[in-house]
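The opening position of the sequence shown corresponds to residue 1010 in this note's numbering, with each subsequent residue numbered one higher.
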Amino acid sequence: MKILCDRHQLSDALSFVAGLVPLKTTKPILQNVLLEATGDSLTLSATDNEISGSVVLETVKVHQPGSMLLPAKQITALVRELSEPTVTMRSTELRCTIESGGGSFVLVGDEPERFPRPASPEHGHSIRLPAARLLDMVRKTMFAAAKEESRYTINGVLFDCREACLRVVATDGRRLALTYENLDGHGGQVPEFKAVIPIRTLQLLGKAIHDDSQAEVTVTFTENQVAFRFETSLLVSQLLECNFPDYEVVIPKAADTTCEISRDLLERNVRKVAILSSGDMRLVQMNFGSQTLEMSAESTGVGRAEQVMDVDVRGAGGSLSFNPDFVLEALKVCDLEQLRLDMGDDSTPVKMTLGESFTYILMPISGS
1010 MKILCDRHQL
1020 SDALSFVAGL
1030 VPLKTTKPIL
1040 QNVLLEATGD
1050 SLTLSATDNE
1060 ISGSVVLETV
1070 KVHQPGSMLL
1080 PAKQITALVR
1090 ELSEPTVTMR
1100 STELRCTIES
1110 GGGSFVLVGD
1120 EPERFPRPAS
1130 PEHGHSIRLP
1140 AARLLDMVRK
1150 TMFAAAKEES
1160 RYTINGVLFD
1170 CREACLRVVA
1180 TDGRRLALTY
1190 ENLDGHGGQV
1200 PEFKAVIPIR
1210 TLQLLGKAIH
1220 DDSQAEVTVT
1230 FTENQVAFRF
1240 ETSLLVSQLL
1250 ECNFPDYEVV
1260 IPKAADTTCE
1270 ISRDLLERNV
1280 RKVAILSSGD
1290 MRLVQMNFGS
1300 QTLEMSAEST
1310 GVGRAEQVMD
1320 VDVRGAGGSL
1330 SFNPDFVLEA
1340 LKVCDLEQLR
1350 LDMGDDSTPV
1360 KMTLGESFTY
1370 ILMPISGS
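Okay, here's the thing in structure tokens:
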């Protein structure tokens, strides 16, 4: 095998597939990247046996077709450090020589035939939407998923498609993030399905798209797999086999108090007040008056913070306490300059409207 390719494109492709390589494994063969040259393209692939991915580089000069299996860590780091615009790679048996500028580097590889090739789903339920919109939906929900591996049923993000609408949902039991996209304008018949995708898969999704935010993505679901297909890249993952909780029952249908407030004002003041909220139970108390919101936090032996601001409050008012980190994480992905809070008492969740199709449900800390 002998090829000439653009160094920057090769580095980007390696960065994506190397992210799939397990740091620790009982199968050392998985710590490699497979390179296959044919025609005028180069395909790079990697897998950890649960998630697999590939990228096709279409502007490659293939002098001699073939394949090679190289250690992911070393080839990725090496290509990243090269400074010349092009790279020549040629393999002889299990040795690969990488040449760029005045440098020549030899890597010892493995037999390409030994590398596993996970099958990607060709048939299943498929939807198509703009890649930028999909990433936005993931960004607005993934942060709310449970981080503890023991909480398996909520350790991923739910994709719930019905009535030509895709709902993306995540929860950790104390908060819930929900966003949706109507698919009837994206062409074709829209299937109905539910699937829970692992967090790590979605973390890798952004790398699969590279810088092409205008791309379209086809998402295909089978009983136990999901595939994200882009023009030149593919990401395939096992699904979580779990029963995601009924998220719709926790969304409040009515409110005793409604507050409209500037996102920047709320974020700035929560951040300030939270400095004096420390310890195992971080909380900021919010007192809603007729047209004011007073926030306070106190830490024994450290001090106390109070902040009053003018806001638009309608209804009964009252006092609620929240984990400030949960509030700030939601505001970080909020689309609106003015957001709305719908509240009851400290035993009922608060509904935060953070975008036209973005809702955040947060449970107050009761008894504080």
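We put the CB at the ideal spot given by N, CA and C, even for glycine.
With H, G and I counted as helix, E and B as strand and the rest as coil, what does DSSP make of residue i?
{"i": "P1207", "result": "strand"}
{"i": "Q1300", "result": "coil"}
{"i": "F961", "result": "It is not possible to answer for residue 961, since the shown part of the chain is limited to 1010 through 1377."}
{"i": "A1055", "result": "strand"}
{"i": "V1311", "result": "coil"}
{"i": "D1049", "result": "coil"}
{"i": "G1364", "result": "strand"}
{"i": "I1038", "result": "helix"}
{"i": "L1249", "result": "strand"}
{"i": "A1306", "result": "strand"}
{"i": "K1262", "result": "coil"}
{"i": "G1112", "result": "strand"}
{"i": "E1033", "result": "Glu is not the amino acid found at residue 1033; the sequence shown has Lys there. Residue state, collapsed to three classes: coil."}
{"i": "E1131", "result": "coil"}
{"i": "F1152", "result": "helix"}
{"i": "T1267", "result": "strand"}
{"i": "L1292", "result": "coil"}
{"i": "Q1234", "result": "strand"}
{"i": "G1215", "result": "helix"}
Since residue i is in the beta strand (DSSP E), which residue starts that stretch and which ends it?
{"i": "T1101", "result": "T1095 to T1101"}
{"i": "L1348", "result": "Q1347 to M1352"}
{"i": "L1185", "result": "R1184 to N1191"}
{"i": "T1229", "result": "E1225 to F1230"}
{"i": "D1321", "result": "D1321 to G1324"}
{"i": "I1163", "result": "Looking at the DSSP string, I1163 is not in any beta strand (DSSP E), and its letter there is neither H nor E."}
{"i": "S1063", "result": "I1060 to L1066"}
{"i": "L1175", "result": "C1174 to T1180"}
Following the continuous alpha helix (DSSP H) through residue i, name the residue where it begins and the one where it ends.
{"i": "K1281", "result": "R1272 to A1283"}
{"i": "R1385", "result": "Any question about residue 1385 goes unanswered here, given that the chain covers just 1010 to 1377."}
{"i": "H1017", "result": "R1016 to A1027"}
{"i": "T1106", "result": "That residue, T1106, is in no alpha helix (DSSP H); its beta strand (DSSP E) goes R1104 to S1109."}
{"i": "P1080", "result": "P1080 -> not in any alpha helix (DSSP H); beta strand (DSSP E) instead, spanning G1075 to P1080."}
{"i": "E1338", "result": "P1333 to L1340"}
My understanding is that residue i touches residue j, with C-beta atoms under 8 Å, so please give their C-beta distance in whole angstroms.
{"i": "R1016", "j": "S1109", "result": "7 Å"}
{"i": "L1192", "j": "A1173", "result": "5 Å"}
{"i": "N1296", "j": "S1246", "result": "Rounded, the Cβ-Cβ distance is 45 Å, inconsistent with contact."}
{"i": "V1185", "j": "I1370", "result": "Per the sequence shown, the amino acid found at residue 1185 is Leu instead of Val. So it is a contact: roughly 4 Å between Cβ atoms."}
{"i": "L1345", "j": "R1272", "result": "6 Å"}
{"i": "P1373", "j": "S1330", "result": "6 Å"}
{"i": "V1279", "j": "Q1300", "result": "Not quite, the Cβ-Cβ distance comes to about 19 Å (not below 8 Å), so this is no contact."}
{"i": "A1155", "j": "N1164", "result": "5 Å"}
{"i": "L1187", "j": "Y1256", "result": "7 Å"}
{"i": "A1055", "j": "A1081", "result": "6 Å"}
{"i": "V1069", "j": "S1050", "result": "6 Å"}
{"i": "I1038", "j": "F1114", "result": "Going by Cβ atoms, the distance from I1038 to F1114 rounds to 22 Å, so no, they are not a contact pair."}
{"i": "R1137", "j": "T1227", "result": "5 Å"}
Taking Cβ positions only, does residue i come closer than 8 Å to chain C?
{"i": "M1146", "result": "Protein chain content of the structure displayed is limited to a single chain, and chain C is not contained in it."}
Regarding residue i and the ligand HEM, is the C-beta to nearest heavy atom distance less than 7 Å?
{"i": "Q1040", "result": "Questions concerning the ligand HEM fall outside what the structure shown contains, since it holds no ligand whatsoever."}
Is there contact between the segment 1203 to 1219 and the segment 1051 to 1063, where contact requires at least three CB pairs shorter than 8 Å?
-> Touching, per the Cβ criterion.
Meets three-Cβ-pair contact criterion under 8 Å: the segment 1305 to 1315 and the segment 1280 to 1292 | Contact holds: three or more Cβ-Cβ distances are below 8 Å.
With a cut-off of 8 Å, do at least 3 Cβ pairs link the segment 1200 to 1209 to the segment 1234 to 1248?
-> These segments touch.
Quick check: the segment 1075 to 1085 against the segment 1022 to 1033, are there 3 or more CB pairs under 8 Å?
-> These segments touch.
Should the segment 1251 to 1269 be called in touch with the segment 1346 to 1360, which here means at least 3 C-beta pairs below 8 Å?
-> A contact exists between the segment 1251 to 1269 and the segment 1346 to 1360.
Is the number of C-beta pairs between the segment 1064 to 1077 and the segment 1237 to 1248 that are closer than 8 Å three or more?
-> The segment 1064 to 1077 and the segment 1237 to 1248 touch, with no fewer than 3 CB-CB distances between them shorter than 8 Å.
Is the number of C-beta pairs between the segment 1066 to 1080 and the segment 1031 to 1046 that are closer than 8 Å three or more?
-> With a cut-off of 8 Å, the segment 1031 to 1046 and the segment 1066 to 1080 count as touching, because enough Cβ pairs lie within range.
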